[in-house]
Amino acid sequence: MSEQAKTVRIGLAGLGTVGGGVFQNLIQNKELLHGRLGITLDVTAIAVRNPDRDRGFPVDRQLFVNDWKDLVADPEIDIIIELIGGTTEAKDLVLAALRSGKSVVTGNKALLAEHGAEIFKVVEETGQAIHYEAAVAGGIPIIKTLLESLVGNHIVSAYGIINGTCNYILTRMATADLSYGEALKEAMDKGYAEADPTLDINGMDAAHKAVIIASLAYGSWLPSDSMHVEGIEAVELIDMQFASKLGYSIKLLSVIKGHDDGSIEVRTQPSLIPLDHILASVHGVFNAIAVHGDIVGETLFYGSGAGQNPTSSSVISDLADAAMAIAGSKPRSSFVPHGIYGKPVAIEDTTSRYYLRLEAEARPGVLAQIAGLLADHQIGIISVLQPDEGQGQDPQTAQLILTLHEARYGDAVAARDAIAQLSCILDKPALFRIETLDPQ
Ligand SMILES: NC(=O)c1ccc[n+]([C@@H]2O[C@H](COP(=O)([O-])OP(=O)(O)OC[C@H]3O[C@@H](n4cnc5c(N)ncnc54)[C@H](OP(=O)(O)O)[C@@H]3O)[C@@H](O)[C@H]2O)c1
């Protein structure tokens, strides 16, 4: 680490889906990361198989080294990010990096599930750190949650939908009546399944993640052959249809439970879960993990379980922790001002769609007056509903339910108040926001 500038030097092994995301995101959010950490995260060397391959984004060719061993041998490098995948060379790389006094960040679930005990022994011997948030459920921060946020809890159980490919296939079978083969083909065509989807559909990918969760929850690194795994190949459309009639959805569910006698149950199988359980509404490629702690009770973690940016987000979180430890920084305080954002938006200037309920005289021309006032405030109408007259309702009055296009809140309130003044309006109008809950 460079002392003056607090720059932490990073060797990146792998510049594929995840490595490419990490490389680009570190550049994209460099200012934000520096503002929050007070450290510059600098990728100083990259190892790949083929440096000549077009990456689709600019990379200074000088960064490429011949071999991952060059990253390990470079005394200037503080942290190695292992994103080459597999369990052979990746294991050699991780062990060599730890032994050479470097911190390691990895997203390699297979490596940890199969060789976790050996790797953590070397972590202990060397006093170095290994971070692996990206190894379980891509962008969902479940590792840190188990290690930090739930530190005071015995984990009673964790139920996970932790393979996006399987969840996509099962969702399409359930919602579009596709056969297993049709849904698998669709997942491959859309890029949600690998060219060779074996490790996903036979349950092994989810099982690897389950081993990591179980090991963290119960404090001993479990051998990966100690768990039961079944894939989704045997699930047929008819099973989906009958499950639904019975009030269930079929999901590839990983179950992790600690029993009172100290034994641990870890299994991954297609399972029927009640339609009214929140996990039944985890659709498509999304992942979710419901963790029950003896103190906290039920918690749920949901999000993108794979993909370039979600996984990169977890890798960068680990990188930040490793860099802070190396830089000898104090633990991140509970509030870090960085000055990139700041000015609050006035409520009048916020925008959304709206729901407007009116009680009006039931006579021609009323709707035209209302529409006119809305137009005066640059607000368009999406739909108008007039619920059936209820028994005992005055036939001279009409309830109107309008949904309105996106507009400034200030304009919507002004339009509501102007409408309230019309002589045909019989009661105070009710205006509520419709939030589409889009991320942007
Ligand atoms: N993809 C995801 O959504 C996701 C999510 C969570 C975790 N992960 C994990 O993240 C890791 C990487 O996955 P990925 O999808 O990014 O894989 P990927 O797209 O196949 O990329 C692998 C990268 O590693 C390089 N590489 C492979 N063997 C190497 C070697 N021996 N020496 C140097 N470089 C080598 C490749 O070089 P070339 O580019 O030259 O071929 C490529 O850049 C895996 O452990 C995976 O399980 C992935």
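9 is the number of the first residue of the sequence shown in the working numbering; add one for each residue after it. For each residue, glycine too, the CB sits at the ideal point set by N, CA and C.
By how many angstroms is the C-alpha of residue j removed from the C-alpha of residue i?
i    : j    : result
V304 : I281 : 23 Å
A422 : H300 : 47 Å
A203 : M196 : 7 Å
R44  : G347 : 10 Å
G313 : A376 : 50 Å
V263 : A166 : 6 Å
K436 : R371 : 18 Å
I177 : Q249 : 14 Å
Q12  : Y362 : Legend: pLDDT at Q12 = 48, less than 50; position of this residue unreliable, no value from coordinates given.
H452 : P352 : Only positions 9 to 448 of the chain appear in this structure, which leaves residue 452 out of reach.
D213 : Q407 : 55 Å
L327 : G199 : 28 Å
I35  : L91  : 18 Å
L230 : L106 : 21 Å
A53  : L186 : 46 Å
A104 : K110 : 9 Å
L306 : I163 : Contrary to the premise, residue 306 reads as Glu rather than Leu in this sequence. Whole-angstrom Cα-Cα distance: 10 Å.
V26  : F343 : 29 Å
Q386 : D402 : 33 Å
A218 : I170 : 8 Å
G380 : E356 : 21 Å
A137 : P59  : 29 Å
D100 : H291 : 37 Å
K265 : G350 : 44 Å
K253 : V243 : 16 Å
V459 : R180 : Because the chain spans 9 through 448 in this model, residue 459 falls outside it and cannot be assessed.
E156 : D302 : 15 Å
N37  : G270 : 45 Å
D75  : A81  : 10 Å
S322 : G147 : 5 Å
L410 : T319 : 42 Å
N33  : H139 : 18 Å
V113 : M332 : 13 Å
I209 : T405 : 59 Å
S337 : T48  : 13 Å
V159 : T183 : 39 Å
G19  : H42  : 18 Å
R390 : S289 : As written in the sequence, residue 390 is Ile, which differs from the Arg given in the question. Answer to the nearest angstrom: the Cα atoms are 28 Å apart.
H216 : S232 : 7 Å
What residue range does the beta strand (DSSP E) around residue i cover?
i    : result
P278 : I272 to P282
H300 : F294 to G301
E367 : T359 to E369
Q407 : T405 to R416
V112 : S111 to T114
E306 : G305 to S312
A438 : A438 to I442
Y167 : I163 to I169
T15  : T15 to A21
Which whole-angstrom value describes the C-beta separation of residue i and residue j, a residue pair presumed to lie in contact below a C-beta threshold of 8 Å?
i    : j    : result
L459 : F31  : Residue 459 cannot be examined here, being either before or after the span of the chain that is shown, 9 to 448.
A201 : L207 : Rounded, the Cβ-Cβ distance is 10 Å, inconsistent with contact.
E141 : I151 : 5 Å
M235 : V274 : 4 Å
I334 : I85  : 11 Å between Cβ atoms; not a contact.
Q277 : L261 : 7 Å
G28  : F72  : Not quite, the Cβ-Cβ distance comes to about 13 Å (not below 8 Å), so this is no contact.
I272 : A121 : No, I272 and A121 are not in contact; Cβ-Cβ is about 14 Å, not under 8 Å.
R8   : A426 : What the structure shows of the chain is the stretch from 9 to 448, and residue 8 is not part of that stretch, so it cannot be assessed.
R17  : D50  : 6 Å
N295 : A145 : 5 Å
A415 : T359 : 6 Å
T95  : A118 : 5 Å
L154 : A225 : 6 Å
A251 : I258 : 5 Å
G168 : I324 : Rounded, the Cβ-Cβ distance is 23 Å, inconsistent with contact.
C432 : V392 : The Cβ separation is near 15 Å, so there is no contact.
Quick one: give me the first and last residue of the alpha helix (DSSP H) that residue i is part of.
i    : result
D50  : Not the alpha helix (DSSP H): D50 falls in the beta strand (DSSP E), residues T48 to A55.
D122 : As written in the sequence, residue 122 is Glu, which differs from the Asp given in the question. Looking at the DSSP string, the run of the alpha helix (DSSP H) that includes E122 is K117 to T134.
S321 : Q316 to I334
R44  : K38 to L45
G147 : Per DSSP, G147 belongs to no alpha helix (DSSP H) and is neither H nor E.
G373 : Here G373 belongs to no alpha helix (DSSP H), and DSSP marks it neither H nor E.
(request) Starting from the N-terminal side, write out each stretch of the alpha helix (DSSP H) that is 4 residues or longer and does not extend beyond the region 218–268. (result) 245–253
(request) Using the beta-carbon of each residue, find all residues closer than 6 Å to any heavy atom of ligand 1 and list them in chain order. (result) A21, G22, L23, G24, T25, V26, G27, A55, V56, R57, N58, R61, W76, L91, I92, G93, E97, G115, N116, K117, A142, G146, A314, G315 and T319
(message) Going residue by residue through the region 74–106, where are the continuous alpha helix (DSSP H) segments of at least 4 residues, counting only ones entirely within it?
(response) 76–81
(request) Mind listing, in chain order, the continuous alpha helix (DSSP H) runs of no fewer than 4 residues lying wholly within the region 185–210? (result) 188–197 and 206–209
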